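To start, the structure itself, in structure tokens.
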Amino acid sequence: MLVNLNVTMVPGSSNSFKMVIAGAGSIGSLFAWILAKNGLDVTVVAREPHSNAIMSHGLVLQDRDGVNQGALKNITCGTLPEVLKNCSVLMISVKVHDLEAILQEIEPAFITSQDPPVIVLLQNGLGNERMVERYYPGATVVRIVTSNGAMLASPGHVVHAGRGNTFIGISSKDPSPLASTFIEQFCTALYARDLHVQETSSIQEHVWKKVIINIGINAVGAIFQVPNGKILENQHLLHVSRELVKEATEVAHQQGYLSGRDGWGVTKRVMQTTAKNRNSMLQDLDKGKKTEIDFINGAISSIGRETGISTPWNDAMVELIHGFETIDHPRDQDHDTSGRTH
Ligand SMILES: NC(=O)c1ccc[n+]([C@@H]2O[C@H](COP(=O)([O-])OP(=O)(O)OC[C@H]3O[C@@H](n4cnc5c(N)ncnc54)[C@H](OP(=O)(O)O)[C@@H]3O)[C@@H](O)[C@H]2O)c1
Numbered sequence: 065m066l067v068n069l070n071v072t073m074v075p076g077s078s079n080s081f082k083m084v085i086a087g088a089g090s091i092g093s094l095f096a097w098i099l100a101k102n103g104l105d106v107t108v109v110a111r112e113p114h115s116n117a118i119m120s121h122g123l124v125l126q127d128r129d130g131v132n133q134g135a136l137k138n139i140t141c142g143t144l145p146e147v148l149k150n151c152s153v154l155m156i157s158v159k160v161h162d163l164e165a166i167l168q169e170i171e172p173a174f175i176t177s178q179d180p181p182v183i184v185l186l187q188n189g190l191g192n193e194r195m196v197e198r199y200y201p202g203a204t205v206v207r208i209v210t211s212n213g214a215m216l217a218s219p220g221h222v223v224h225a226g227r228g229n230t231f232i233g234i235s236s237k238d239p240s241p242l243a244s245t246f247i248e249q250f251c252t253a254l255y256a257r258d259l260h261v262q263e264t265s266s267i268q269e270h271v272w273k274k275v276i277i278n279i280g281i282n283a284v285g286a287i288f289q290v291p292n293g294k295i296l297e298n299q300h301l302l303h304v305s306r307e308l309v310k311e312a313t314e315v316a317h318q319q320g321y322l323s324g325r326d327g328w329g330v331t332k333r334v335m336q337t338t339a340k341n342r343n344s345m346l347q348d349l350d351k352g353k354k355t356e357i358d359f360i361n362g363a364i365s366s367i368g369r370e371t372g373i374s375t376p377w378n379d380a381m382v383e384l385i386h387g388f389e390t391i392d393h394p395r396d397q398d399h400d401t402s403g404r405t406h
């Protein structure tokens, strides 16, 4: 692990660099707070009214048990592409279906700034790095996989809803030295908050592990509108989850990941330890938002098609979730109450 516990960042000193976190919603705001608290020079690009609240009162972090960790006023807010001037490290924390749009927004600024850029992806899903490489062939891509949980309680106020492991690693060949400097400072900042963090040379293994867990839980929980623990209690839901994980594991093995391992045991353990949680796909449907299905189950279906592996359970989940996203849900007064049952 690459961690120097004695490193303290002093903004403006020779070991500081400017970083931008683009798409600072729940998880981006949590990491913005943690990094800025440890002295990194952080600018966020966030939606209104979150951005305005941060500029007026600072960014507040609250622990899961309700303890307020204070408002940080050293986080700057800005808009793309202006904030990328002199930016050395760009962290992107939008939902994965918004990644391509944000890459298009930043492209002109990054092309004219110093190269090669370091782009840090703080997201779930498969294939994200390939998208970045299409726009920035020379960029160093760093990937973060975290099981910490965050939510925005109100504008300018983020809750650290669950503590968990974080893995960070470089996905690119010939990485820029700045990527290692960033990783060292990232790990130091998480250590300072007593959070488990590990640098890894096999970050894709962790990306796949997380995707397999998401495949076993998210779509099933979202379709049946149940918290994670209910899947474990119901033999029918558990059967669907098992089949989804089986297909995804076969695809992972074909791609050279999770060799000799099957993600089913860990998926069931996560259902147990997060039994009361409503997964993120279910929360997205609740809010009428688009889900990340295409980059989770959809990615398995698409690799399956390319490699001749049959993935009928994952294909069905993609269709069902897209059905939920697009159906015009009837309001109560639209229901037929005439008593007919057909
Ligand atoms: N939250 C967690 O606990 C957690 C934990 C682990 C991993 N993750 C993963 O992290 C990623 C982000 O999740 P999240 O929960 O933080 O999502 P989120 O709360 O929706 O945050 C993303 C933010 O980015 C904004 N955004 C999208 N496009 C933008 C653009 N072009 N410019 C500026 N802002 C833009 C979104 O605004 P709009 O909504 O208005 O588009 C939203 O405020 C996902 O892949 C998720 O699976 C999340």
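Just so you know, we're using the numbering used here here: the sequence shown kicks off at 65 and counts up by one.
A virtual CB, placed ideally from N, CA and C, is assigned to each residue, including glycine.
Being a predicted model, the structure only gives us computed values, none of them experimental.
- The stretch 292-302 and the stretch 257-271 do not touch, with fewer than 3 CB-CB distances between them shorter than 8 Å.
- No residue range can be given for H161, since it is assigned to no beta strand (DSSP E) and is classified by DSSP as neither H nor E.
- For E263, the enclosing beta strand (DSSP E) begins and ends at 261-263.
- For the 9 Å CB-CB criterion, I234 and T204 form a contact.
- For F231, the uninterrupted beta strand (DSSP E) segment begins and ends at 230-234.
- For N278, there is no enclosing beta strand (DSSP E); the residue is found in the alpha helix (DSSP H) stretching over 267-288.
- Between the alpha carbons of A316 and G122 lies a distance of about 43 Å.
- By the criterion of a C-beta distance shorter than 6 Å, L99 is surrounded in its chain by V106, A253, once the five residues flanking it on both sides are discounted.
- The C-alpha of S80 lies about 39 Å from the C-alpha of V330.
- With the rule of 3 Cβ pairs closer than 8 Å, the stretch 301-315 does not count as touching the stretch 253-263.
- By the 16-neighbour rule on beta-carbons within 10 angstroms, P145 is buried.
- Taking C-alpha positions only, D127 is separated from G372 by approximately 46 Å.
- Of the candidates I279, F288, Y321, the residue whose Cα lies closest to the Cα of E307 is I279.
- K274 sits buried, since 16 or more C-beta atoms from the chains shown fall within 10 Å of its C-beta.
- Secondary structure of T375 (DSSP, three-state): coil.
- Rounded to the nearest angstrom, the gap between the Cα atoms of L104 and M83 is 8 Å.
- Relative to ligand 1, I166 has its C-beta within less than 8 Å of a heavy atom.
- Between E197 and L185, the beta carbon gap of about 11 Å keeps them out of contact (Cβ cut-off 8 Å).
- Selection F250, L384, M215 evaluated against N102 yields F250 as nearest (Cα-Cα).
- Minimum Cα-Cα distance from A110 among the listed residues G220, E171, Q133, G213 corresponds to G220.
- Counted as a single uninterrupted DSSP element, the beta strand (DSSP E) harbouring A214 occupies residues 213-218.
- Collapsing the DSSP output to three states places R207 in a strand.
- In the DSSP annotation of this structure, the continuous segment of the beta strand (DSSP E) that includes A225 starts and ends at 221-226.
- The Cβ neighbour count for I391, taken over all protein chains shown within 10 Å, is under 16; the residue is labelled exposed.
- Taking 9 Å as the cut-off, the beta carbon of N341 is found closer than this to the beta carbon of G226.
- Of the residues assessed, P181 falls on the buried side of the cut-off, its CB having 16 or more other CB atoms within 10 angstroms.
- Judged by the Cβ position, S152 fails to qualify as a neighbour of ligand 1 at the 8 Å threshold, every heavy atom of the ligand being at least this far.
- Comparing alpha-carbon positions, the option among S366, T245, E263, M335 lying closest to G191 turns out to be S366.
- Taken atom to atom, the span from the alpha-carbon of G142 to that of E383 is near 38 Å.
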